[in-house]
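Please read the structure below before turning to the comments.
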Amino acid sequence: MDSQRAKRAIKPPKKYMEDEDDQPSRSTPEAEQPIFVYRLLRKKEVNKDLVHQEVYVLWPDNGIWYNAEVVKLRVKDMKAVLEYPKEEESEEVDLTDLMNDGHIALMEPRVPNHRLRKDEFPVPEDTETPDVSQPVLELSEDDHASPDKGEEDEQVEEEEDEDDIPDAGAIEEEPSEGSDVSQAALSNPGSSSSS
Numbered sequence: 050m051d052s053q054r055a056k057r058a059i060k061p062p063k064k065y066m067e068d069e070d071d072q073p074s075r076s077t078p079e080a081e082q083p084i085f086v087y088r089l090l091r092k093k094e095v096n097k098d099l100v101h102q103e104v105y106v107l108w109p110d111n112g113i114w115y116n117a118e119v120v121k122l123r124v125k126d127m128k129a130v131l132e133y134p135k136e137e138e139s140e141e142v143d144l145t146d147l148m149n150d151g152h153i154a155l156m157e158p159r160v161p162n163h164r165l166r167k168d169e170f171p172v173p174e175d176t177e178t179p180d181v182s183q184p185v186l187e188l189s190e191d192d193h194a195s196p197d198k199g200e201e202d203e204q205v206e207e208e209e210d211e212d213d214i215p216d217a218g219a220i221e222e223e224p225s226e227g228s229d230v231s232q233a234a235l236s237n238p239g240s241s242s243s244s
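Pasting the structure below:
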């Protein structure tokens, strides 16, 4: 029996070997590139965190989503000043009207085979999208590491490893409490435990 297991570990079944040659590996970065969608802005997202965020505004005349930055925001009356960097223009807009009409959205990544929801629209392939080699999560500028700070990042990781050492001691104490519970279960023959 052990010799059969060793053979399987060395050579996978023939049908799997043929499939690997015919299709690209699922772990290749090209196969897992996220797609991007425009997701309509929600009322609960209109808060101070929206300032300096990129939004996309749909112009119904030509059907194009334009990139804009929220420069100023008045949450009370749902007014915002949007600046269009490519057009070098800015305008004050009523966010309530834009949201009701479905003309303001955020660009978000999705898995490649994502089914669009009713509040999502596909981003055209020729549209400039965020660099997918960067983390998908939105981080503040302070959270992004610059190329010059590589050594500092290593120091932070080393410090985090040192912090993990006391936690390992705390974990060792937990099984001893669990062993008391298992000893209590053994002393009570009426109870059964399943592993």
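All residue numbers for the sequence shown refer to the working numbering, where the first residue is 50 and numbers rise by one. Quick reminder that beta carbons are idealized off the backbone N, C-alpha and C, glycines included. Keep in mind the model is a prediction, meaning the values are calculated, not measured.
Three-state secondary structure (DSSP) at residue i?
| i | result |
| --- | --- |
| K64 | helix |
| N149 | helix |
DSSP beta-bridge partners for residue i?
| i | result |
| --- | --- |
| P158 | F85 |
| E169 | R88 |
| L143 | Contrary to the premise, residue 143 reads as Asp rather than Leu in this sequence. DSSP lists K128 as partners of D143. |
| E138 | Y133 |
Considering only C-alpha positions, which residue in the set the options is nearest to residue i?
| i | options | result |
| --- | --- | --- |
| D143 | I84, F85, V106 | V106 |
| I153 | P83, R88, Q82, L122 | R88 |
| K135 | E118, F85, R166 | E118 |
| A129 | E169, D175, L99 | L99 |
| M156 | K93, V104, V95 | V104 |
| K97 | R123, T145, W114, F85 | R123 |
| K251 | M148, E137, E141, E174 | The requested residue 251 does not occur in the structure, where the chain is confined to residues 50 to 244. |
| P109 | V172, G151, P171, R166 | G151 |
| H101 | K121, E137, R166 | K121 |
Taking the C-alpha atoms as reference points, what is the distance between residue i and residue j?
| i | j | result |
| --- | --- | --- |
| E81 | V160 | 7 Å |
| N116 | K64 | 48 Å |
| V185 | P158 | In this prediction, V185 has a pLDDT of 40, which is less than 50 and means its spatial position is unreliable; nothing more can be read from the coordinates. |
| E132 | S139 | 4 Å |
| T176 | V86 | 11 Å |
| P173 | V95 | 26 Å |
| W114 | P171 | 11 Å |
| M127 | E169 | 22 Å |
| L165 | K125 | 31 Å |
Beta strand (DSSP E) runs wholly inside the segment 85 to 134, at least 3 long, in chain order: DSSP assignment within the segment 85 to 134 yields the following whole beta strand (DSSP E) runs of 3 residues or more, N-terminal first: 103 to 108, 113 to 123, 128 to 133.
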